[in-house]
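Asker: In the numbering used here, the protein residues as written are 2 to 154. For each residue, glycine too, the CB sits at the ideal point set by N, CA and C.
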Amino acid sequence: MAEGPDEQNMRVSDADRAATAERLQVAHDEGRLSLTEFDERVQQSYAAVVRADLDRLVGDLPVVERENLPSVRREREAVERREARTEWYGEWRSWAGTSVLLLGIWGMISLLAGEFTAFWPIFPIGIWALVLIGSAFERPRTDGHGDASTDKG
2 MAEGPDEQNM RVSDADRAAT AERLQVAHDE GRLSLTEFDE RVQQSYAAVV
52 RADLDRLVGD LPVVERENLP SVRREREAVE RREARTEWYG EWRSWAGTSV
102 LLLGIWGMIS LLAGEFTAFW PIFPIGIWAL VLIGSAFERP RTDGHGDAST
152 DKG
C-alpha cells in the first residue's frame, strides 16, 4: 500500500497561505521584519505549493498563538459586541413587559377605586429606564481581562 506524502511535502491551501501571510503581518507589526523582507515573504507565501515552502518563510519567527492573530481578535471582539447588544435588548424587553404589568395593576386599582389613583408606576418604570439608559454609555472592556463589573481592585 502506498503511503501519502509526508507533512512537509503536503500541498497547502489558500487558507494556509493566508494564515502564513497574517503571521508575517504580525511579525512586521512587531518590528521583526523590514517592509522589504515582509513584502518578499508575503509574495512567496502566496506562491507556496507545499508545507515546507511556508515553514521556511516563518521558521525564524516566534510562534504566534492563534488567539493573538488580528483576524481572530477582530472576530472575538465582534462576537462580544453582538452578545452585549443582544443582552441589552433583552433587558429592554424585560423592562417593557414589567412596565405593561405595572400599568395594568395601576389601571385595575384605579378602576376599582372609581377614579385615577396616584401614578405610582412612574417610579419603578422611570428608575429602571434610567439605569438601562445609563448602561448604554458604559464602555465594555475588550482587552480580554473581563468586564468592569467582574474586576476586583
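1) How close, in whole Å, do the beta carbons of I110 and T118 come, if the pair is a contact with beta carbons under 8 Å?
2) Quick one, are the C-beta atoms of E23 and S72 less than 8 Å apart?
3) Using 8 Å for Cβ pairs, my map puts R42 next to L25. What's the rounded Cβ distance?
4) Which residues bound the alpha helix (DSSP H) around L62?
5) If we define contact as Cβ-Cβ less than 8 Å, is M109 a contact residue for chain D?
6) Rounded to whole angstroms, how far is the Cβ of V27 from the Cβ of V59, which I believe are closer than 8 Å?
7) Using only CA atoms, which one of E31, D17, E38 and P125 lies nearest to V50?
8) Do L133 and W93 have their CB atoms nearer than 8 Å?
9) In this structure, does DSSP put R57 in helix, strand or coil?
10) Quick check on R86: does DSSP put it in helix, strand or coil?
11) Quick one: what does DSSP say L103 is sitting in, helix, strand or coil?
12) List the residues that DSSP assigns as beta-bridge partners of V51.
13) Are R52 and M11 touching if we call contact CB-CB under 8 Å?
14) How far does the alpha helix (DSSP H) with W129 in it reach, from first residue to last?
15) With hydrogens ignored, establish whether the beta-carbon of S14 is closer than 7 Å to any heavy atom of the ligand ADP.
16) If you draw a straight line from the C-alpha of A48 to the C-alpha of D40, how long is it?
Answerer: Taking the coordinates as given:
1) Right, their Cβ atoms sit about 6 Å apart.
2) yes
3) 5 Å
4) Here L62 belongs to no alpha helix (DSSP H), and DSSP marks it neither H nor E.
5) Included in the structure is just one protein chain, with no chain D present.
6) Rounded, the Cβ-Cβ distance is 10 Å, inconsistent with contact.
7) D17
8) Closer than 8 Å, so yes.
9) helix
10) helix
11) In this structure, L103 counts as helix in the three-state DSSP scheme.
12) R12
13) yes
14) I123 to A137
15) Summarising the ligand content, the structure contains no ligands, and the ligand ADP is consequently not present.
16) 13 Å
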